[in-house]
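Novice: Dropping a structure here in structure tokens format, bear with me for questions.
Residue numbers (my numbering): -19 to 620.
Here is the structure:
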């Protein structure tokens, strides 16, 4: 599909990556990993042909199609969700419009023997065949299935996309890409705006994807469940292994250890050879031997150990002061946005040192409750904070509130107090903003760098309660691990909204599941929640099955004593089967007539009864289809 050779990209005279080479084949599901700013998104843009490269070559297979999910998207206003999703089917929609136009003309025209009418029939045949070949009869069902898999409800389909958040619009864009069935699918952090259920659905979809997938993700579990190959960009080079992420890390460590051992052994050999050279140089009769050893040493291929970028953040969340036993107490709390009730009659009590995760589908009220706790939005009911509670709040869009025209240092100094202003540079250094990095404007920072800056800014204010809404979005895996460790060591109360299963594992001891305006408490970690949640879904499925069986039993009982009803159904089914046979036969006859018209137009049109016969066949088919619907409705009415 793709062959990249010696690709080099430079910014301001420095190589982002240099001389990287790789191939992309059908069935590859590649996790593209690396630290923030390593060049992952840049490489995706190069593969998608959106960005040039400074050196090297990329060869694509003929007619290869590429779909690219970027972090920033533009939407045309005024379309419904379905209308926007249908934009994935450019050719299908074009042919659909042409077929509609042709059928209108055929219904209106009576010049059956004209060349124009003949061409309409030929076009109808060709477009119908192409329409069927590219999935024209299935695209609507496929669209609804994928939209529902990504979390949309059927009642959402006719809503205007303008009314949805950026996260939901990103899901629509993802749905369009999945529907297009491109040869190469490029996904830049696709899980950032998905809830846990949608991520699990996407995992299954991508595992069965026939083309090649290259995805940038910092969700370790998602990478492990989807990918079969890992490419890491580190210090301008790539490391490419046919293993999912966790297995790749183990393999990389083993290889690095072997390289280190081989390097040590080689250094010993080289040192011994150098000693012999010095020894033999002093003796005239050994000079030729010394020269031979020098030549041998020059030919030695020095073993190099793969470089490793070990630079990570250094975070510590300090407790400002001890709060009272009760942190948050809420009774009969609710929140409505216009006619949409998000939360209703919520009661909860959060005590000191609790470690809580808010999870559930998007739009169920997780971020809403977080905003209510920190006093950012109004609400119905009663919610009060406990004694001495000081909240540190990291909003989901925290990094977007940074002034793009200000430098990293200016943003921190503006938020600092007299007591911590002197420590600003040290704090920035701990978050990997060192040297000239502090003079960068916020607008040029990557998503991960902006998140790191927002986290660093958070530490400038005192707190004993941390409320964090999707803090891991855009953070690389190493940074996420450091953040998780710091949160586990935090002595205060933690409330975290997240869809990242790996991040939540072992971090919280209580999970609040949000669904249908209410909150349910699970006394366990995220693994316990997922286990129980799956069981609950199974129970719901069982309940639906029981109800369906009861309904069937009830319906059957209505006619169980009526042999007449059974006879009626059998008679109607026989009639239906007979009609279906006639439909099949007449459809074949129409196809044969179409072929005659296409292959021998002059001979066919010279037969005065041809078009009369042709139109009669079509009318007969239409009558049969109507008859079929009538019989089927009669059967359905008995079975209700």
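Just so it is clear, CB atoms sit at the ideal spot from N, CA and C, and this is done for glycine as well.
So, does the segment 83 to 97 touch the segment 114 to 122, judging by three or more C-beta pairs under 8 Å?
Specialist: These segments do not touch.
Novice: At the level of alpha carbons, what is the spacing between residue 328 and residue 611?
Specialist: About 57 Å.
Novice: Secondary structure at residue 35, three-state DSSP: helix, strand or coil?
Specialist: Reduced to three states, the DSSP call for residue 35 is strand.
Novice: Decide if the segment 97 to 107 is in contact with the segment 117 to 137; the criterion is three or more beta carbon pairs, one per stretch, under 8 Å apart.
Specialist: The segment 97 to 107 vs the segment 117 to 137: no contact.
Novice: Is it true that the CB of residue 5 sits closer than 8 Å to the CB of residue 242?
Specialist: No, the Cβ-Cβ distance between residue 242 and residue 5 is not below 8 Å.
Novice: Distance, Cα to Cα, residue 594 vs residue 107?
Specialist: Distance between the alpha carbons of residue 594 and residue 107 is about 19 Å.
Novice: Thinking just about the alpha-carbon of each residue, which of 62, 13, 153, -18 is nearest to the one in residue 37?
Specialist: Of 62, 13, 153, -18, the residue nearest in Cα terms is -18.
Novice: How long is the line joining the alpha carbons of residue 485 and residue 508, rounded to whole angstroms?
Specialist: Between residue 485 and residue 508, the C-alpha separation is close to 10 Å.
Novice: Since residue 457 is in the beta strand (DSSP E), which residue starts that stretch and which ends it?
Specialist: Here residue 457 belongs to no beta strand (DSSP E); instead the alpha helix (DSSP H) covers 457 to 469.
Novice: Going by other Cβ atoms of all chains shown within 10 Å of its Cβ, with 16 needed for buried, is residue 230 buried or exposed?
Specialist: The residue is exposed, with fewer than 16 neighbouring Cβ atoms inside 10 Å.
Novice: Report yes if the C-beta distance between residue 422 and residue 384 is below 8 Å; otherwise report no.
Specialist: Yes, the pair counts as a contact, with Cβ atoms nearer than the cut-off.
Novice: I need the DSSP call for residue 387, collapsed to helix, strand or coil.
Specialist: Residue 387: strand per DSSP, three-state reduction.
Novice: Where do the ends of the alpha helix (DSSP H) carrying residue 314 lie?
Specialist: Premise fails: residue 314 lies in the beta strand (DSSP E), 306 to 317, not in any alpha helix (DSSP H).
Novice: With a threshold of 16 other CB atoms inside 10 Å of the CB of residue 454, please say whether the residue is buried or exposed.
Specialist: Residue 454 should be labelled buried.
Novice: Cα separation between residue 549 and residue 559?
Specialist: Between residue 549 and residue 559, the C-alpha separation is close to 15 Å.
Novice: Please go through the segment 371 to 425 and give each complete alpha helix (DSSP H) segment of 4 or more residues, from N-terminal end onward.
Specialist: With a minimum length of 4 residues, the continuous alpha helix (DSSP H) runs that stay inside the segment 371 to 425 are 388 to 395, 404 to 410.
Novice: To the nearest angstrom, how far is it from the Cα of residue 462 to the Cα of residue 368?
Specialist: The alpha-carbon atoms of residue 462 and residue 368 are separated by roughly 28 Å.
Novice: What's the gap between the Cα of residue 608 and the Cα of residue 556?
Specialist: Using only the alpha carbons, I get a separation of about 6 Å.
Novice: Would you say residue 358 lies against chain B (beta-carbon separation less than 8 Å)?
Specialist: Of the chains in the structure shown, none is chain B; there is only one protein chain.
Novice: Assuming residue 345 contacts residue 313 (C-beta within less than 8 Å), just tell me the rounded distance between them.
Specialist: The pair is not a contact, with the Cβ atoms about 10 Å apart (cut-off 8 Å).
Novice: At which residues does the alpha helix (DSSP H) containing residue 233 begin and terminate?
Specialist: 225 to 261 is the extent of the alpha helix (DSSP H) around residue 233.
Novice: Using only CA atoms, which one of 252, 452, 365 lies nearest to residue 332?
Specialist: When only C-alpha atoms are compared, the closest one is 365.
Novice: Quick one: give me the first and last residue of the alpha helix (DSSP H) that residue 431 is part of.
Specialist: That run of the alpha helix (DSSP H) goes 427 to 438.
Novice: Please state whether DSSP places residue 268 in a helix, a strand or coil.
Specialist: Helix at residue 268.
Novice: Taking the straight line between their C-alpha atoms, what separation do you get for residue 139 and residue 480?
Specialist: In a straight line, the C-alpha of residue 139 is about 29 Å away from that of residue 480.
Novice: Under 8 Å between the Cβ atoms of residue 298 and residue 148?
Specialist: For residue 298 and residue 148, no; Cβs fall outside 8 Å.
Novice: I need the straight-line Cα distance from residue 41 to residue 199, nearest angstrom please.
Specialist: Going from the Cα of residue 41 to the Cα of residue 199 covers about 31 Å.
Novice: How many Å lie between residue -7 and residue 282 at the Cα?
Specialist: Each residue's alpha carbon lies about 28 Å from the other.
Novice: Taking just the CA atoms, how far does residue 71 sit from residue 113?
Specialist: Near 11 Å, if we compare the C-alpha coordinates of residue 71 and residue 113.
Novice: With a threshold of 8 Å on Cβ separation, who are the neighbours of residue 604 within its own chain once the five nearest residues in sequence on each side are excluded?
Specialist: Same-chain partners within the cutoff: 559, 562, 563, 566.
Novice: In the DSSP assignment, find the alpha helix (DSSP H) that holds residue 21 and state where it starts and stops.
Specialist: Its alpha helix (DSSP H) spans residues 20 to 27.
Novice: What would DSSP say about residue 47, mapped onto helix, strand or coil?
Specialist: Of the three classes helix, strand and coil, the one that applies to residue 47 here is strand, per DSSP.
Novice: Please state the DSSP three-state secondary structure of residue 351.
Specialist: It is helical.
Novice: Can you tell me where the beta strand (DSSP E) with residue -2 in it begins and where it stops?
Specialist: Element bounds for residue -2: -6 to 4.
Novice: Sort 473, 267, 340 by Cα distance to residue 495 and report the nearest one.
Specialist: It is 340.
Novice: On the CB-based measure, 16 or more other CB atoms within 10 Å of its CB, does residue 320 come out buried or exposed?
Specialist: By the 10 Å Cβ count, residue 320 comes out exposed.
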